[in-house]
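These notes are about the structure you will find just below.
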Amino acid sequence: MTERNIYRKIIFTTVAIISILAACSSPVVTGMKVHMQNYEYDDIIHLADSVIAHGDSLNAEIWFWRARALTEQSQWYEAAGSFMRAHELDTDGALGINEFWFVFFNSSAGTMNSGDIGTAVELLNMGIQVAPERPDFELMLGDVELKINDDLPAALEDFQNASVKAEALMESIQETIDDTSDPYALDYYSEELAQVTNLLIQSLYNSGSILTMMALDATEEEMPEYLQQAKEVYNKALSIDPTNVDMLDALAGAYLLEGDYESAIDIFDQAFINIEIGLAEGWLEQEEADEIMANMLVSKGYAYIEMEDYQQSIIELNTARELVGDDYIVLSTLAHANFVMENYDEALSILDSVILIEGLTPDELANAYYTRYACYNRKEMDSVAAEALETALDFQPDNANYWRYLASTYSRLGRRNDAIRAMEKAEDLDQ
């Protein structure tokens with residue numbers, strides 16, 4: 000046999016093998032299904048890779064069962080790639096690939112945890128293509144826009160899209176529940192409904208939080224509209240879960256920003272009732288409840304300060320202190336309340352406790368020493384006031400206002416040159 004004939008024989012043999020494999024796609028898929036029943040996932044992957052390598056890469060079922068095997072092994076990234084290829088080939092949607100939406104979600108979460116945000120976002124967008132009805136992908140995309148890209152409008156759009164999808168999915172699941180009498184199906188879909196309801200509430204909470212943040216950055220004319228939208232979103236969530244303490248806290252916060260302190264206090268009081276219910280029913284632990292109540296009591300204390308009911312403010316803040324001890328936010332707000340009541344010695348005593356708290360940031364320490372300065376300044380104790388402000392500047396040296404106040408204090412102490420240098424420093428920082 001000539002070399003040319005040998006070469007032709009090799010070509011024809013290779014073509015014949017590929018033709019046989021292509022013709023046997025269905026038996027191959029059947030074999031994969033048998034391997035799946037026997038939990039032989041590596042065999043499925045090996046068989047699929049062999050078939051694909053020999054030219055049958057356009058069979059959606061091959062990719063689908065390969066993805067199924069990878070899913071069973073929790074190889075999320077590889078499974079997502081195979082499911083996506085199956086989705087592209089499965090033009091009539093016969094394989095029901097959308098049921099495996101969680102593979103794309105898990106793959107994205109794992110990729111994001113490893114620091115590859117770009118690939119994680121690509122996987123989320125793949126998930127949207129495969130299962131456009133699921134709200135999970137936009138919910139995570141909103142987190143990316145908020146926490147990584149710091150793009151509030153884009154994050155808001157994602158969270159709003161997630162909430163719309165969650166509502167539609169809830170309706171679909173509820174219709175399925177209404178149409179079935181199978182107890183196992185009822186259990187499954189009831190659990191699914193609860194999960195999607197949680198996704199809706201989370202989407203609404205995030206949307207309201209973004210709107211509240213946008214209100215803080217808005218002009219005086221725009222702020223009321225953002226806050227009104229935030230309140231509507233929070234109230235919608237509360238219509239689904241009236242006992243949601245986080246949502247009540249957020250709604251009260253929106254009223255605080257509006258200056259409607261009485262409404263905020265009413266909502267906080269309702270939240271306290273729900274916390275007590277949570278403790279009684281066991282879905283809240285005492286430590287968690289104490290922390291939540293303390294945070295709300297601080298906000299109530301702030302509201303009473305704004306309403307000039309300082310005595311009630313101090314009562315609320317002392318209650319918070321009893322719950323969580325010497326917490327920075329609690330004590331600094333309590334010191335402020337005593338300051339505005341002209342209880343300077345009490346405020347200074349509280350600030351002594353603030354400064355002893357471990358792990359405070361430079362800004363927190365600067366604020367504590369500045370408040371000490373303010374107390375001594377009111378007591379006309381300029382020497383110790385200057386020392387407190389000098390310490391505040393150790394922690395926040397670029398605060399022009401601190402330098403300006405220090406210049407004024409030095410001037411009263413007769414330290415003319417120091418006063419001039421402090422004022423020059425303030426002017427330099429202003430520029």
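Counting with numbering that gives the first Met the number 0, you get residues 0 to 430 for the letters of the sequence shown.
Glycine included, each C-beta is placed from N, C-alpha and C at the ideal position.
Exercise for review: Return the CA-CA distance between Y327 and Q159, expressed in angstroms with no decimal places.
Suggested key: 35 Å
Review point. CA-CA distance, E2 and Q128?
Key: Annotation note: pLDDT 37 at E2 (below 50); position unreliable, no value reported.
Review point. In angstroms, rounded to a whole number, what distance separates the CA positions of L392 and E305?
Key: 28 Å
Practice item. To the nearest angstrom, report how far apart A236 and S202 are at their CA atoms. Key: 9 Å
Practice item. Just mark W282 as buried or exposed, buried being the case when its beta carbon has 16 or more other beta carbons within 10 Å. Key: exposed
Review point. Nearest-angstrom Cα distance between L350 and M222?
Key: 34 Å
Exercise for review: Quick one: residues in its chain with C-beta nearer than 6 Å to the C-beta of A418, no 5 flanking neighbours on either side, listed in chain order?
Suggested key: A406, Y409 and S410
Exercise for review: Taking only the alpha-carbon atoms, compute the straight-line gap between S25 and M139 and give it to the nearest angstrom.
Suggested key: 38 Å
Review point. Of all the alpha helix (DSSP H) runs that stay within the bounds of the segment 340 to 386, which reach a length of 4 or more residues?
Key: 343 to 354 and 361 to 377
Exercise for review: Mind reading off the beta-carbon distance from S206 to V232? Whole number of angstroms is fine, and I expect it under 8 Å.
Suggested key: 5 Å
Practice item. With a 10 Å radius around its C-beta and 16 neighbouring C-beta atoms as the bar for buried, classify T360 as buried or exposed. Key: exposed
Exercise for review: Kindly give me the distance between the Cβ atoms of P134 and L210, rounded to whole angstroms, as I take these residues to be in contact under 8 Å.
Suggested key: With a Cβ gap of about 18 Å, P134 and L210 do not count as contacting.
Review point. Helix, strand or coil: how does DSSP classify E53 here?
Key: For the record, residue 53 in the displayed sequence is His; it is not Glu. Of the three classes helix, strand and coil, the one that applies to H53 here is coil, per DSSP.
Check your understanding: What first and last residue would you give for the alpha helix (DSSP H) that runs through Q74?
Key -> That residue, Q74, is in no alpha helix (DSSP H); it is neither H nor E in DSSP.
Review point. When we look at the beta-carbon of E280 and count the other beta-carbons within 10 Å, is it buried (16 or more) or exposed?
Key: exposed
**Study point:** Nearest neighbour of D431, chosen from D91, R67, I354 and E341 [CA to CA]
**Key:** Only positions 0 to 430 of the chain appear in this structure, which leaves residue 431 out of reach.
Review point. CA-CA distance, L192 and E174?
Key: 11 Å
Review point. Starting from W100 and walking both ways along the alpha helix (DSSP H), at which residues does that stretch end?
Key: W100 to N112
Check your understanding: Buried or exposed: where does E426 fall if 16 or more other Cβ atoms within 10 Å of its Cβ makes it buried?
Key -> exposed
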